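Residue numbers (the working numbering), protein chains in the order written: chain A, 543 to 657; chain B, 25 to 140. Quick reminder that beta carbons are idealized off the backbone N, C-alpha and C, glycines included. As the structure is a computational prediction, the values presented were derived from the model and not from experiment. Take a look at the structure below.
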Amino acid sequence: NAGVTQTPKFQVLKTGQSMTLQCAQDMNHNSMYWYRQDPGMGLRLIYYSASEGTTDKGEVPNGYNVSRLNKREFSLRLESAAPSQTSVYFCASSEGQGALVYEQYFGPGTRLTVT
Amino acid sequence: AQKVTQAQTEISVVEKEDVTLDCVYETRDTTYYLFWYKQPPSGELVFLIRRNSFDEQNEISGRYSWNFQKSTSSFNFTITASQVVDSAVYFCALSDLTDSWGKLQFGAGTQVVVTP
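Here it is in structure tokens:
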């Protein structure tokens with residue numbers, strides 16, 4: 543099992559360019575998440591998908607869009623990249639939540655630099 | 025508002041010393057979950073523990089132990105007899121019923137540096 547995979551691992555963009563970060567999980571998890579990590583700030587939730595067919599905004603959604611393509615895949619799109627979006631992006635998945643909240647498993651991250 | 029506070033930015037210890045990482049959380053809910061994650065220099069996030077608010081038993085896993093105190097809203101993490109491989113950033117996180125059910129709110133993290 544690969545767990546959670548992310549592509550690409552590194553990316554450099556110019557201001558105004560667009561790109562899509564891909565994420566896939568093979569654990570048959572219901573819920574998927576996108577976080578960004580900036581120095582000294584921990585991880586902040588950008589968007590999440592509680593189940594296939596649903597997506598919701600997290601703490602810092604501005605400048606991003608997401609697509610839950612199917613149960614396995616959850617992509618994050620930057621339509622017009624800005625230097626403030628320079629960060630490390632993590633995708634995560636979990637069994638989901640109902641009466642219980644389960645731990646999340648994280649991908650290896652994508653280091654994005656916007657110049 | 026910051027719901028998870030990890031006041032220690034960095035802790036440096038010599039190998040074999042014990043190190044305790046503090047985590048203070050804030051929630052108005054009686055139902056919530058707390059987590060600890062480890063981020064070694066390679067960058068991946070490794071799940072360490074999940075605890076729900078109704079289980080106040082302390083937990084030990086090898087050299088790792090966790091002390092959950094609802095009275096002080098703290099969920100502290102101790103590494104006993106630290107090793108160089110314990111060098112990492114450690115994050116505490118909260119998922120509470122009202123604001124973040126199923127989602128994680130992370131603290132800023134504590135960098136642990138273990139020197140030989």
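Just the chain A side, please: which residues come within less than 7 Å of residue i by C-beta, in chain order?
{"i": "B:Ser-119", "result": "Val-643"}
{"i": "B:Tyr-57", "result": "Val-643"}
Whole angstroms are fine: how far does the CA of residue j sit from the CA of residue i?
{"i": "A:Phe-552", "j": "B:Ser-95", "result": "44 Å"}
{"i": "A:Arg-653", "j": "A:Tyr-631", "result": "6 Å"}
{"i": "A:Tyr-590", "j": "A:Gly-600", "result": "7 Å"}
{"i": "B:Ile-103", "j": "B:Leu-128", "result": "23 Å"}
{"i": "A:Gly-547", "j": "B:Gln-32", "result": "The identity of residue 547 of chain A in the sequence shown is Thr, whereas the question assumes Gly. So the alpha carbons of these two residues sit roughly 31 Å apart."}
{"i": "B:Lys-62", "j": "B:Cys-47", "result": "14 Å"}
{"i": "A:Ser-669", "j": "A:Leu-587", "result": "Here chain A covers residues 543 to 657 and nothing more, so residue 669 of chain A does not appear."}
{"i": "A:Arg-614", "j": "B:Pro-140", "result": "43 Å"}
{"i": "A:Leu-618", "j": "B:Lys-27", "result": "26 Å"}
{"i": "A:Leu-585", "j": "B:Asn-91", "result": "23 Å"}
{"i": "A:Ala-641", "j": "B:Gly-133", "result": "28 Å"}
{"i": "B:Ile-84", "j": "A:Leu-620", "result": "42 Å"}
{"i": "A:Val-602", "j": "B:Glu-80", "result": "32 Å"}
{"i": "B:Arg-87", "j": "B:Lys-40", "result": "11 Å"}
{"i": "A:Gly-649", "j": "A:Gln-579", "result": "13 Å"}
{"i": "B:Arg-75", "j": "B:Phe-115", "result": "14 Å"}
{"i": "A:Gly-545", "j": "A:Thr-657", "result": "32 Å"}
{"i": "A:Thr-597", "j": "B:Gly-126", "result": "13 Å"}
{"i": "A:Met-574", "j": "B:Leu-69", "result": "15 Å"}
{"i": "A:Met-569", "j": "A:Ser-636", "result": "8 Å"}
{"i": "B:Ser-124", "j": "A:Trp-576", "result": "14 Å"}
{"i": "B:Ser-89", "j": "B:Leu-58", "result": "14 Å"}
{"i": "B:Pro-64", "j": "B:Asp-110", "result": "8 Å"}
{"i": "A:Leu-611", "j": "A:Ala-634", "result": "15 Å"}
Do we get a CB-CB distance below 8 Å when we pair residue i with the residues of chain C?
{"i": "B:Ala-132", "result": "Within the model displayed, chain C is absent; protein chains A and B are what it includes."}
Under 8 Å by Cβ, that's how I've got residue i and residue j pegged, so tell me the actual separation to the nearest angstrom.
{"i": "B:Leu-118", "j": "B:Thr-55", "result": "Actually they are not in contact, since the Cβ atoms of B:Leu-118 and B:Thr-55 sit about 12 Å apart, beyond 8 Å."}
{"i": "A:Ala-624", "j": "A:Gly-605", "result": "6 Å"}
{"i": "B:Ala-112", "j": "B:Asp-42", "result": "Going by Cβ atoms, the distance from B:Ala-112 to B:Asp-42 rounds to 16 Å, so no, they are not a contact pair."}
{"i": "A:Ser-593", "j": "A:Asn-572", "result": "5 Å"}
{"i": "B:Ser-97", "j": "B:Glu-50", "result": "7 Å"}
Would you mind telling me which residues of chain B sit closer than 8 Å to residue i, beta carbon to beta carbon, in chain order?
{"i": "A:Gly-595", "result": "Simply none; closest approach about 16 Å."}
{"i": "A:Ser-573", "result": "Gly-126"}
{"i": "A:Pro-650", "result": "Gly-67 and Glu-68"}
{"i": "A:Gly-600", "result": "Lys-127"}
Residue i touches chain B at which residues, Cβ-Cβ below 7 Å?
{"i": "A:Ala-592", "result": "Gly-126"}
{"i": "A:Tyr-647", "result": "Phe-71"}
Could you name the residues of chain A that residue i contacts, counting a contact when the two beta carbons are closer than 9 Å?
{"i": "B:Phe-115", "result": "Gly-584 and Leu-585"}
Residues of chain B with a CB under 9 Å from the CB of residue i: which are they?
{"i": "A:Gly-558", "result": "Simply none; closest approach about 28 Å."}
### Message
So if I threshold CB-CB distances at 7 Å, which residues from the stretch 61 to 76 of chain B count as touching chain A?
### Response
From the stretch 61 to 76 of chain B, only Gly-67, Glu-68, Leu-69, Phe-71 and Arg-74 have a Cβ closer than 7 Å to chain A.
### Message
Which residues of the stretch 614 to 633 of chain A have a Cβ closer than 7 Å to any Cβ of chain B? Give them in chain order.
### Response
Listed in sequence order: Phe-632.
### Minimum length 3: unbroken beta strand (DSSP E) runs contained in the stretch 557 to 594 of chain A
With a minimum length of 3 residues, the continuous beta strand (DSSP E) runs that stay inside the stretch 557 to 594 of chain A are 561 to 567, 573 to 579 and 585 to 591.
### Task
Let me know the beta strand (DSSP E) ranges lying completely inside the stretch 30 to 94 of chain B, each 3 residues or longer, listed in chain order.
34 to 38, 43 to 45, 56 to 63, 70 to 76, 83 to 85 and 88 to 93, all fully within the stretch 30 to 94 of chain B.
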